[in-house]
Amino acid sequence: MSATMDLEADRLARATIRRNARNRWIAYVTLSLGVLIFAFPIWLTLVGSSHDASTIGRGDVPLWFGPHAISNYVSAWLTGGEATRTTRSVPAWVMLWNSLNMAVLIAVGKIAISLLSAFAVVFFSFPGRMIAFWLIFITLMLPVEVRIIPTFEVMVNLGLINTMTGLVVPLIASATATLLFRQFFLTIPDEYVEAAKIDGAGPLRFFKDVVLPLSVTNIAALFVILFIYGWNQYLWPLLIVSDRDLETVVVGMTKMIGNGDAQNEWNIIMATAVLAMLPPVAVVVFMQRWFVKGLTETEK
Amino acid sequence: MRKKVIFKGIALPWLLLLPQLLITGVFFFWPAGQAIYGSFLREDAFGLSRQFVGLENFTEVLADPNYLAAGWTTVVFSTSVAFLALGAALYLAVQADKAIRGANAYKTMLIWPYAVAPAIAAVLWLFMFHPQIGLFGRMLNGLGVPWDYKLNGDQALLLVILASAWKQVSYNFIFFMAGLQSIPKSVLEAAAIDGARPMRRFWTIIFPLLAPTSFFLLVVNIVYAFFDTFGVIHALTGGGPGQATTTLIYKVYVDGVQNLNFGSSAAQSVILMFIVILLTAVQFRFIERKVHY
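Chains as they are written, first to last, in numbering that gives the first Met the number 0: chain G, 0 to 299; chain D, 0 to 292.
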């Protein structure tokens, strides 16, 4: 090997190292900028929830915390701020409780009825099986948004307006969850069914002792996604709930804003916004693995 | 695809399907049928009787300049949201896929906005861009830019686009990350050894291999911009000022729930159903193709 070739290789290697270093530097800068763009609105809201209403109303938006955090959160939690002429205030704890109920019931309900229907479609052969499957599948094409008025009429006729049942039950039909469980059930080996049959276990026994335990991972992943889906519902509660004792927190807090006057109790509104975000964000952050799995597997 | 070994029975499987079918029947198919039926009827001024008017509701809706304006707003809004959210997410995902320290922390910090409800995202942006109380709203006005999204339609549209895209980036980011991880590192290393610079590697290797993910996400993002952004618009602008941020979905809501225009809102519902069926068909055609490849 000649000395010049060595030198040339050395030069190339150093150029690569330099380029890699620059590359990493670009990554750090862009990612930090991205994180900043996503975190800044939250920062501003957190800071705002620690000042008094007049500071925010004057437009002196501070960038650091003020002294009123505790009193703001206490009054948001207990009273929901002062009632205005048009709206009665609802304490945040009531709205959070309603949202929690709605989110958990929707998630559990969707998982339960989807498990049952997927089990029926995969492990039985019966007349009308494909029709049932397609009927469930087609609901993908009928979101609430395209059938607002007639659905509302059905709810009125059934007396489900302003009830938790009305809030939850129409949302628990789920084509996506059924498709996911169907996909998963198809991977359960035939030998398991044969073994169960030889042991004299009926279909329900098989469901309880074999299918359910095998599905635990999928159920957990799906629960995370569906909890967030339920918590973040907007149009449906807006239509179905006018009784403010049943108000959910996402809808309730936008009602507090009204026309967005500068005279609003922005400190209380911001505190409520933080409370409304906390549960679903906590679920995503602490259950990130389940969450990513649930998302990429249900939707693909 | 089906199983070879199965259980016998007819009553039991139907019983298991019953809850799901009952709910879809009562709350999906019945109302959808009513919407189609109602789209051919018109209610008199007092809401006492309904009479058959043929396709008149449709011709009227499609000739209504307000409806066409809402259609155009929807197109501008949806494409802007989709491309902004996809572009930003792809760029961030490519950066986060590099072997850097703290990559996982960065990922978590970019994933969490998925959990923020669209309506709450709107409220966060309102806090920033409110002309009197918002940090940036005041800053813009201080710099001599007359910023007030409650009066200026273009500014209102821009704001709902930004808030909607902001919320959707994390979703796309998660899928792009998954897509990037499935690209074999050896291919990229081989290209690097052959002297391909990062930009060239991106456009000739990464981008083509991400095409299926990108196309899937494009459809999902358009569906999101169509339906899930109702909360953003309702909380931020209420469809205004004037009609500047009224999308097709928002118009169905306004005409049906606030103006109680029975026939027109039913016809609009049917038109929207067509659009959803179209989007779903595109999506599933694509998924089928992917399975065959």
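All residues carry an ideal CB built from backbone N, CA and C; glycine is no exception.
Expected contact under 8 Å - CB spacing of residue i and residue j to nearest Å
i: L235 of chain D; j: V115 of chain D; result: At roughly 14 Å, the Cβ-Cβ gap does not stay under 8 Å, so L235 of chain D and V115 of chain D are not in contact.
i: V222 of chain D; j: L278 of chain D; result: 6 Å
i: S213 of chain D; j: E59 of chain D; result: Actually they do not touch by this definition, with Cβ atoms about 39 Å apart.
i: M272 of chain D; j: A31 of chain D; result: 7 Å
i: Y111 of chain D; j: V284 of chain G; result: Note on residue identity: the sequence assigns Trp, not Tyr, to residue 111 of chain D. Between V284 of chain G and W111 of chain D the Cβ distance is about 6 Å, and since that is below 8 Å, they are a contact.
i: S98 of chain G; j: V248 of chain G; result: 5 Å
i: L61 of chain D; j: R49 of chain D; result: Incorrect: roughly 21 Å between the Cβ atoms, too far for contact.
i: A213 of chain G; j: I187 of chain G; result: Here residue 213 of chain G turns out to be Leu, not Ala, going by the sequence shown. So it is a contact: roughly 6 Å between Cβ atoms.
i: V34 of chain G; j: L109 of chain D; result: 6 Å
i: G230 of chain D; j: A121 of chain D; result: 7 Å
i: F6 of chain D; j: F122 of chain G; result: 5 Å
i: A81 of chain D; j: F175 of chain D; result: A81 of chain D to F175 of chain D, Cβ: 14 Å. No contact.
Backbone secondary structure at residue i - three-state DSSP
i: R243 of chain G; result: helix
i: R41 of chain D; result: strand
i: F226 of chain D; result: helix
i: Q33 of chain D; result: helix
i: R49 of chain D; result: strand
i: F206 of chain G; result: helix
i: F82 of chain D; result: helix
i: F201 of chain D; result: helix
i: L134 of chain G; result: helix
i: F123 of chain G; result: strand
i: A118 of chain D; result: helix
i: F64 of chain G; result: coil
Whether residue i touches residue j by CB criterion (7 Å)
i: L166 of chain G; j: F27 of chain D; result: no
i: G56 of chain G; j: A272 of chain G; result: no
i: L216 of chain D; j: N171 of chain D; result: yes
i: V168 of chain D; j: A84 of chain D; result: yes
i: P12 of chain D; j: A119 of chain G; result: yes
i: A52 of chain G; j: W230 of chain G; result: no
i: I36 of chain G; j: I110 of chain G; result: no
i: T23 of chain D; j: P117 of chain D; result: no
i: S268 of chain D; j: R146 of chain G; result: yes
i: P240 of chain D; j: G152 of chain D; result: yes
i: V209 of chain G; j: Y233 of chain G; result: no
i: W76 of chain G; j: W63 of chain G; result: no
i: L114 of chain G; j: F205 of chain G; result: no
i: P236 of chain G; j: L123 of chain D; result: no
i: I268 of chain G; j: M255 of chain G; result: yes
i: T150 of chain G; j: A172 of chain G; result: no
i: A220 of chain G; j: G293 of chain G; result: yes
i: R200 of chain D; j: A210 of chain D; result: no
i: V223 of chain G; j: V282 of chain G; result: yes
i: A270 of chain G; j: S48 of chain G; result: yes
i: M276 of chain G; j: I119 of chain D; result: yes
i: F126 of chain D; j: F135 of chain D; result: no
i: A176 of chain G; j: F136 of chain G; result: no
i: I9 of chain D; j: F132 of chain G; result: no
i: L30 of chain G; j: Q180 of chain D; result: no
beta-carbon residue i near the ligand GTP non-hydrogen atom, thresh 6 Å
i: Y36 of chain D; result: Looking for the ligand GTP in the displayed structure turns up nothing, as the structure carries no ligands at all.
Closer than 7 Å to chain C by CB, residue i
i: S268 of chain D; result: Among the protein chains in the structure shown, which are G and D, there is no chain C.
Where the stretch 265 to 280 of chain G meets chain D: residues whose CB sits under 9 Å from a CB there: Within the stretch 265 to 280 of chain G, the residues whose Cβ lies closer than 9 Å to some Cβ of chain D are W265, I268, M269, A272, A275, M276, P278, P279 and V280, listed in chain order.
Runs of alpha helix (DSSP H) wholly within the stretch 82 to 110 of chain D (minimum 4 residues, chain order): Taking only runs of at least 4 residues, the alpha helix (DSSP H) segments lying wholly in the stretch 82 to 110 of chain D are 102 to 110.
The stretch 158 to 190 of chain D: positions lying closer than 8 Å to chain G by Cβ: Under the 8 Å Cβ criterion, the stretch 158 to 190 of chain D contributes W165, V168, S169, Y170, I173, F174 and A177.
Members of the stretch 19 to 31 of chain D that neighbour chain G once the beta carbon cut-off is set at 7 Å: Closer than 7 Å at the C-beta level to chain G, one finds these residues of the stretch 19 to 31 of chain D: Q19, L20, I22, T23, V25, F26, F27, W29, P30 and A31.
Short-range partners of chain D found in the stretch 34 to 49 of chain G, where Cβ spacing is below 9 Å: Hits within the stretch, in order: V34, I36, F37, A38, F39, P40, I41, L43, T44 and G47.
Residues of the stretch 233 to 256 of chain G with Cβ closer than 8 Å to any Cβ of chain D, in chain order: For the stretch 233 to 256 of chain G, the beta-carbon criterion of a distance under 8 Å to any beta-carbon of chain D is satisfied by Y233, L234, L237, L238, V249, V250, M252, T253 and I256.
Residues from the stretch 78 to 96 of chain D in contact with chain G, defined by Cβ distance under 8 Å: So the list reads A87, Y90, L91, Q94 and A95, given in the order they occur along the chain.
Under 9 Å (Cβ pairs) to chain D, residues found in the stretch 135 to 158 of chain G: Only I135, I137, T138, L139, M140, L141, P142, V143, E144, V145, R146, I147, I148, P149, T150, F151, E152, V153, M154 and L157 from the stretch 135 to 158 of chain G bring a Cβ to less than 9 Å from some Cβ of chain D.
Short-range partners of chain D found in the stretch 195 to 208 of chain G, where Cβ spacing is below 7 Å: Here the close residues are P202.
Unbroken stretches of the alpha helix (DSSP H), 4 residues or longer, contained in the stretch 112 to 186 of chain D: DSSP runs (the alpha helix (DSSP H)) wholly in the stretch 112 to 186 of chain D: 117 to 128, 134 to 141 and 152 to 180.
Interface residues of the stretch 131 to 160 of chain D facing chain G [CB-CB below 8 Å]: Answer in chain order: Q131, I132, G133, L134, R137 and K149.
Against chain D: residues of the stretch 209 to 220 of chain G by CB proximity under 9 Å: Residues: none.
The stretch 66 to 78 of chain D: positions lying closer than 7 Å to chain G by Cβ: Answer set for the stretch 66 to 78 of chain D: empty.
Against chain G: residues of the stretch 190 to 209 of chain D by CB proximity under 9 Å: Of all residues in the stretch 190 to 209 of chain D, the ones placed with a Cβ closer than 9 Å to any Cβ belonging to chain G are A191, R196 and P197, in chain order.
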